[in-house]
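Under the working numbering, the residues of the sequence shown are numbered 9 to 691, in order. Beta carbons are placed, not taken as given, at the ideal position from N, Cα and C, and that holds for glycine. Here's the structure we're looking at; comments come further down.
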Amino acid sequence: MIKPLLIEIGVEELPAIPFLKELPHIETLWLDILEKNALACAFNFYYTPRRLVLWHEAFPTQQNEREEEFFGAPLSVALKEGVPTPAALGFAKKCGVDFSEISRAMKEGKEVLYYKKTIAGQSSKNLLQAMVEQFIKGLNFGKSMRWGFLEEHFIRPIRWIGCMMGDEHVPFSLFGVESTPFSYPHRTISYEPFAYMFAGDYFERLAERGVVLYPTKREEIILNDFKAIEAKEGVHIEIDEDLLAEVVAITEHPKALIGSFEERFLRLPPEVIITSMKENQRYFPVFKEGKLTSRFIVVSNAISDDYDLIVRGNEKVLRARLSDALFFLDNDLKNGLHYEGLKDITYLDGLGSLLDKELREKAIATYLTNKYQSTLLSQNTRLTFERLQALMDKSVMYSKSDLLSEMVYEFTELQGLMGYYYATAMGEDELFALALKEQYLPNSEESVLPSTLFSAIVALSYKLDSLIALFSIDKIPTGNKDPYALRRAVNGIVKIVLNQGIAFDIKNDLFALSQSYKSFDFNVLETFFLERMYQFFDVNPSIITAVISSGEREIVKMSQKIKALSSIVQDDGFKEMFSTFKRVANIIKNMDVKEQALVDETLFDSTYEKELYAAFTAVVSKNYASFEENLDALFALKPQIDAFFNNVMVNTEDVNVRANRHNLIASIYNAFKAIADIKEISI
Numbered sequence: 009m010i011k012p013l014l015i016e017i018g019v020e021e022l023p024a025i026p027f028l029k030e031l032p033h034i035e036t037l038w039l040d041i042l043e044k045n046a047l048a049c050a051f052n053f054y055y056t057p058r059r060l061v062l063w064h065e066a067f068p069t070q071q072n073e074r075e076e077e078f079f080g081a082p083l084s085v086a087l088k089e090g091v092p093t094p095a096a097l098g099f100a101k102k103c104g105v106d107f108s109e110i111s112r113a114m115k116e117g118k119e120v121l122y123y124k125k126t127i128a129g130q131s132s133k134n135l136l137q138a139m140v141e142q143f144i145k146g147l148n149f150g151k152s153m154r155w156g157f158l159e160e161h162f163i164r165p166i167r168w169i170g171c172m173m174g175d176e177h178v179p180f181s182l183f184g185v186e187s188t189p190f191s192y193p194h195r196t197i198s199y200e201p202f203a204y205m206f207a208g209d210y211f212e213r214l215a216e217r218g219v220v221l222y223p224t225k226r227e228e229i230i231l232n233d234f235k236a237i238e239a240k241e242g243v244h245i246e247i248d249e250d251l252l253a254e255v256v257a258i259t260e261h262p263k264a265l266i267g268s269f270e271e272r273f274l275r276l277p278p279e280v281i282i283t284s285m286k287e288n289q290r291y292f293p294v295f296k297e298g299k300l301t302s303r304f305i306v307v308s309n310a311i312s313d314d315y316d317l318i319v320r321g322n323e324k325v326l327r328a329r330l331s332d333a334l335f336f337l338d339n340d341l342k343n344g345l346h347y348e349g350l351k352d353i354t355y356l357d358g359l360g361s362l363l364d365k366e367l368r369e370k371a372i373a374t375y376l377t378n379k380y381q382s383t384l385l386s387q388n389t390r391l392t393f394e395r396l397q398a399l400m401d402k403s404v405m406y407s408k409s410d411l412l413s414e415m416v417y418e419f420t421e422l423q424g425l426m427g428y429y430y431a432t433a434m435g436e437d438e439l440f441a442l443a444l445k446e447q448y449l450p451n452s453e454e455s456v457l458p459s460t461l462f463s464a465i466v467a468l469s470y471k472l473d474s475l476i477a478l479f480s481i482d483k484i485p486t487g488n489k490d491p492y493a494l495r496r497a498v499n500g501i502v503k504i505v506l507n508q509g510i511a512f513d514i515k516n517d518l519f520a521l522s523q524s525y526k527s528f529d530f531n532v533l534e535t536f537f538l539e540r541m542y543q544f545f546d547v548n549p550s551i552i553t554a555v556i557s558s559g560e561r562e563i564v565k566m567s568q569k570i571k572a573l574s575s576i577v578q579d580d581g582f583k584e585m586f587s588t589f590k591r592v593a594n595i596i597k598n599m600d601v602k603e604q605a606l607v608d609e610t611l612f613d614s615t616y617e618k619e620l621y622a623a624f625t626a627v628v629s630k631n632y633a634s635f636e637e638n639l640d641a642l643f644a645l646k647p648q649i650d651a652f653f654n655n656v657m658v659n660t661e662d663v664n665v666r667a668n669r670h671n672l673i674a675s676i677y678n679a680f681k682a683i684a685d686i687k688e689i690s691i
């Protein structure tokens, strides 16, 4: 038999961000509980800031009857001269029956004790208390709290629980709360509970009392309000998806309203205004013709006949915050940029202060500036190299200077960006200002990259120092733990290098830079860096292994080789073609392959080896525009290689001829290995 089942857990307002982090796991948790209790069925999960709701249109009122099998000891152990041993009697006791009811069965070729019993399904009502308790305790919001005299804890105090199966209330007690067929309306409507007579009745009565239960409906209401405001005011509302999800999570009856602030605040950098709106007040910024306006959108959770009062209240709050920001801005501009105070800010134990970090970054930037000198000068023809180097030193040393500003103290997420605005306001060189702004890029998976090589060097210096310095004090990521985001730093380095198209060698350049740090096992760092290639390139992992095994360590060339080989491997006909070259790889497995395998043409005694060598020589004598073109030419040797293998005995008795044929095969293998080690490829 089935009935609708409603479970409502009423709480004090849930904090949106920890709740949204846990949201993807909530339905999985409840489904797992249903399955473990043999009550699996379809359900929906709904939420507001004050309630978590599980709704089942067709819930089993009882578990299905099921059979359970028990296997015991082999008969040779269970019976001695026909008499049950303690092991046999213990098995019967475990099954809850007399030994006379135990039968026999075959298992893994042996006759063993066996018992099968039918287990009657329990009533769902008897299971629901434990299931709901397991659900509540299984939710992980990071932090939790206790209230009253309870030992139990949850993210917020639980104030009511409802559990209704059809028209029958299911009574139980959890967290000091008795389940009841009551719920609570929107606070604007009333603080008094209302009753519902059956599970489906809950939804209609809740809606009548001002609560929009469905999060998708609340989002739809908000977006429709946005469209109406945009059409009426001729503006554009920037929709931050994370902020929208947060607003949906903190409202039960959303209403989007437009407010304004004084235009004098537009003197602030747009990011300051937007950050203040989003982070502090959960407001949405408003734009017109691509520019930030002195308007904002607040999504109210109130039900009112006069929303003007709500708008004025929010305007007052925002005005106070923007006034503070303007005060910070003026103070910071008056004080200017300086970095001496960084000596008083500890970076990490064992790595000194932030000023020490800047000095290390400066040394890295000097190395990179010298390495990429010609490209830098071609991009910045107005500067001499000496002026360029001096500007680079200054950019690195001042890159963290805005951490000492009042604005960044208040809005830490604006670090770097405020340095850019202050440098611009002070008339500093545009390269210097832009480098401050772009020093942390890329800072996310979808992030833009530094726009110039000059900025890229500053960003690389920051990431390279973080990487090498932390390895030098043994702060190495393990498993899924990476507290200093070093994996992200490596991804950032790779992205910047590829974007700029500059030559950076994972082994040579990293090793050279690491010599200025406390001694550590460089091989560990190189391996860590190379491991990131498997996550960075979305290709057959064996292709990456093949390129790494070739000895290539220059990032741009590694990328080109990986992409070229991947393109060829994905071709429909490659599998058949590759069998030939796998044979080449297999033959050289047990050979001492030298990089320069010398082939003596005078030792050829077969047309097939002569033709193969001639074709191979023609391939390797050419210059190719790309690695893919080079690989195509090498793989085109398949007919000659097949003919060679089919008609020539490689391991002939003549020692010199055998060695010469080995060298011919090794030469082909080495030509491939200059790009990728073909023996590592698996398809």
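How about the stretch 186-194 and the stretch 64-80: do they share at least three Cβ pairs that are nearer than 8 Å? no
Our contact map puts residue 638 next to residue 683 with C-beta atoms below 8 Å; I'd like the distance itself, whole angstroms only. For the purposes of this step, residue 638 is taken as residue 630 along the sequence shown, with counting starting at 1. For the purposes of this step, residue 683 is taken as residue 675 along the sequence shown, with counting starting at 1. That pair is a contact at about 6 Å.
Residue 394 classed as buried or exposed, judged by whether at least 16 other C-beta atoms fall within 10 angstroms: Within the sequence shown, the letter at position 386 stands for residue 394. With fewer than 16 Cβ atoms within 10 Å of its Cβ, residue 394 is classed as exposed.
Tell me, which residues are paired with residue 11 by DSSP? One-based indexing of the sequence shown puts residue 11 at position 3. Residue 11 pairs with 67.
For a test of the three-state rule: what should DSSP assign to residue 104, helix, strand or coil? Here residue 104 refers to the residue found at position 96 when the sequence shown is read from its first residue. In this structure, residue 104 counts as coil in the three-state DSSP scheme.
Outcome for residue 696 when other beta-carbon atoms lying within 10 angstroms are tallied against a minimum of 16: No answer is possible for residue 696: it lies beyond the span of the chain, which begins at 9 and ends at 691.
So what's residue 545 in DSSP terms, helix, strand or just coil? Along the sequence shown, one-based indexing puts residue 545 at 537. Coil, per DSSP.
DSSP state of residue 486, grouped into three classes? The residue you call residue 486 lines up with position 478 of the sequence shown. Correct three-state label for residue 486: strand.
Are residue 197 and residue 218 close, meaning C-beta to C-beta below 7 Å? Here residue 197 is taken as the residue at index 189 of the sequence shown, counted from 1. Here residue 218 is taken as the residue at index 210 of the sequence shown, counted from 1. Residue 197 places its beta carbon less than 7 Å from that of residue 218.
Any idea which residues DSSP pairs residue 82 with across the strands? Mapped onto the sequence shown, residue 82 falls at position 74. Note: residue 82 sits in a beta bridge opposite 120.
Own chain residues within Cβ distance below 8 Å of residue 415, not counting five before or after: Here the question's residue 415 lines up with position 407 in the sequence shown. Short of 8 Å from the beta carbon of residue 415, and not among the five residues preceding or following it, lie these beta carbons of its own chain, in chain order: 280, 333, 336, 337, 340, 422 and 426.
Tell me whether residue 381 is buried or exposed, calling it buried when 16 or more other Cβ atoms sit within 10 Å of its Cβ. Residue mapping note: residue 381 aligns to position 373 of the sequence shown, counting from 1. Answer is exposed; the Cβ neighbour count stays below 16.
Classify residue 346 as buried or exposed, calling it buried when 16 or more other Cβ atoms lie within 10 Å of its own Cβ. As a working mapping, residue 346 is identified with position 338 in the sequence shown. Its Cβ having fewer than 16 others within 10 Å, residue 346 is exposed.
Segment limits, beta strand (DSSP E) that includes residue 285: For this step, residue 285 is matched to residue 277 along the sequence shown. Premise fails: residue 285 is in no beta strand (DSSP E) and is neither H nor E.
By the DSSP assignment, the beta strand (DSSP E) with residue 32 in it spans what residues? Taking the first residue of the sequence shown as position 1, residue 32 is located at position 24. Unbroken run through residue 32 is the alpha helix (DSSP H), 24-44; no beta strand (DSSP E).
Residue of 172, 182, 505 and 624 minimising C-alpha distance to residue 203: Within the sequence shown, residue 203 is the residue found at index 195, counting from 1. Closest option to residue 203, Cα to Cα, is 172.
Can you check DSSP and say which residues form a bridge with residue 513? The residue you call residue 513 lines up with position 505 of the sequence shown. Paired residues: 562.
Identify the residues that DSSP records as bridge partners of residue 171: which are they? Residue numbering aside, residue 171 sits at position 163 when the sequence shown is read from its first letter. Its beta-bridge partners are 15.
Excluding five sequence neighbours on each side, which residues of the same chain lie with their C-beta closer than 6 Å to the C-beta of residue 74? Numbered from 1 along the sequence shown, position 66 holds the residue referred to as residue 74. If we look at residue 74 and ignore the five residues flanking it on each side, its Cβ neighbours are 127.
Assuming residue 589 contacts residue 686 (C-beta within less than 8 Å), just tell me the rounded distance between them. By one-based count along the sequence shown, residue 589 stands at place 581. By one-based count along the sequence shown, residue 686 stands at place 678. Confirmed, about 5 Å.
DSSP beta-bridge partners of residue 294: For the purposes of this step, residue 294 is identified with residue 286 of the sequence shown, where counting begins at 1. Residue 294 pairs with 245.
Cβ shell of residue 660 (< 8 Å), same chain only, five flanking positions each side left out: Mapped onto the sequence shown, residue 660 falls at position 652. Contacts found: 666 and 669.
Which residues mark the beginning and the end of the beta strand (DSSP E) in which residue 304 is found? Taking the sequence shown and counting its residues from 1, the one referred to as residue 304 is at position 296. For residue 304, the uninterrupted beta strand (DSSP E) segment begins and ends at 299-308.
Residue 222 versus 261, 471 and 9, residue with shortest Cα-Cα distance: Position 214 of the sequence shown, counted from the start, is the residue given in the question as residue 222. Of the listed residues, the one whose Cα sits closest to residue 222 is 261.
By the DSSP assignment, the alpha helix (DSSP H) with residue 666 in it spans what residues? Within the sequence shown, the letter at position 658 stands for residue 666. Start and end: 663-681.
To which residues does DSSP link residue 177 through a beta bridge? As a position in the sequence shown, residue 177 is number 169, starting the count at 1. Here residue 177 is bridged, per DSSP, to 172.
Apply the 10 Å Cβ neighbour rule to residue 348 and answer buried if 16 or more other Cβ atoms are within range, or exposed otherwise. Counting from one through the sequence shown, the residue named residue 348 turns up at place 340. Exposed, by the Cβ-count rule.
Can you tell me the Cα-Cα spacing of residue 468 and residue 390, whole angstroms? Within the sequence shown, residue 468 is the residue found at index 460, counting from 1. Within the sequence shown, residue 390 is the residue found at index 382, counting from 1. Approximately 24 Å between the Cα atoms of the pair.
Using 10 angstroms around the beta-carbon of residue 516, count the other beta-carbons present and answer buried if the total reaches 16, otherwise exposed. Locating residue 516 in the sequence shown gives position 508, counting from the first residue. Counting Cβ neighbours within 10 Å, residue 516 comes out exposed, since fewer than 16 surround it.
Inter-residue CB distance, residue 304 and residue 269 (contact presumed, cutoff 8 Å): The residue labelled residue 304 in the question sits at position 296 within the sequence shown. The residue labelled residue 269 in the question sits at position 261 within the sequence shown. Between residue 269 and residue 304 the Cβ distance is about 7 Å, and since that is below 8 Å, they are a contact.
Please name the residue, chosen from 424, 371, 428 and 492, that lies closest to residue 520 on a Cα-to-Cα basis. By one-based count along the sequence shown, residue 520 stands at place 512. The shortest C-alpha separation from residue 520 is found at 371.
Contact under 7 Å by Cβ, residue 680 with residue 620: Start at 1 with the first residue of the sequence shown, and residue 680 comes out as number 672. Start at 1 with the first residue of the sequence shown, and residue 620 comes out as number 612. Taking 7 Å as the cut-off, the Cβ atoms of residue 680 and residue 620 do not count as close.
Is the CB of residue 332 under 7 Å away from at least one CB in chain C? The chain inventory of the structure shown lacks chain C, comprising one protein chain alone.
Could you tell me the distance, in whole angstroms, from the CA atom of residue 534 to the CA atom of residue 513? As a working note, residue 534 is residue 526 in the sequence shown. As a working note, residue 513 is residue 505 in the sequence shown. Rounded to whole angstroms, residue 534 to residue 513 spans 10 Å at the Cα level.
Could you check how far apart the C-beta atoms of residue 556 and residue 502 are, in whole angstroms? I think they sit under 8 Å. Numbered from its first residue, the sequence shown carries residue 556 at position 548. Numbered from its first residue, the sequence shown carries residue 502 at position 494. The pair is not a contact, with the Cβ atoms about 14 Å apart (cut-off 8 Å).
Using alpha carbons as the reference points, say which of 392, 476 and 404 lies closest to residue 367. Numbered from its first residue, the sequence shown carries residue 367 at position 359. Cα-wise, what sits closest to residue 367 is 404.
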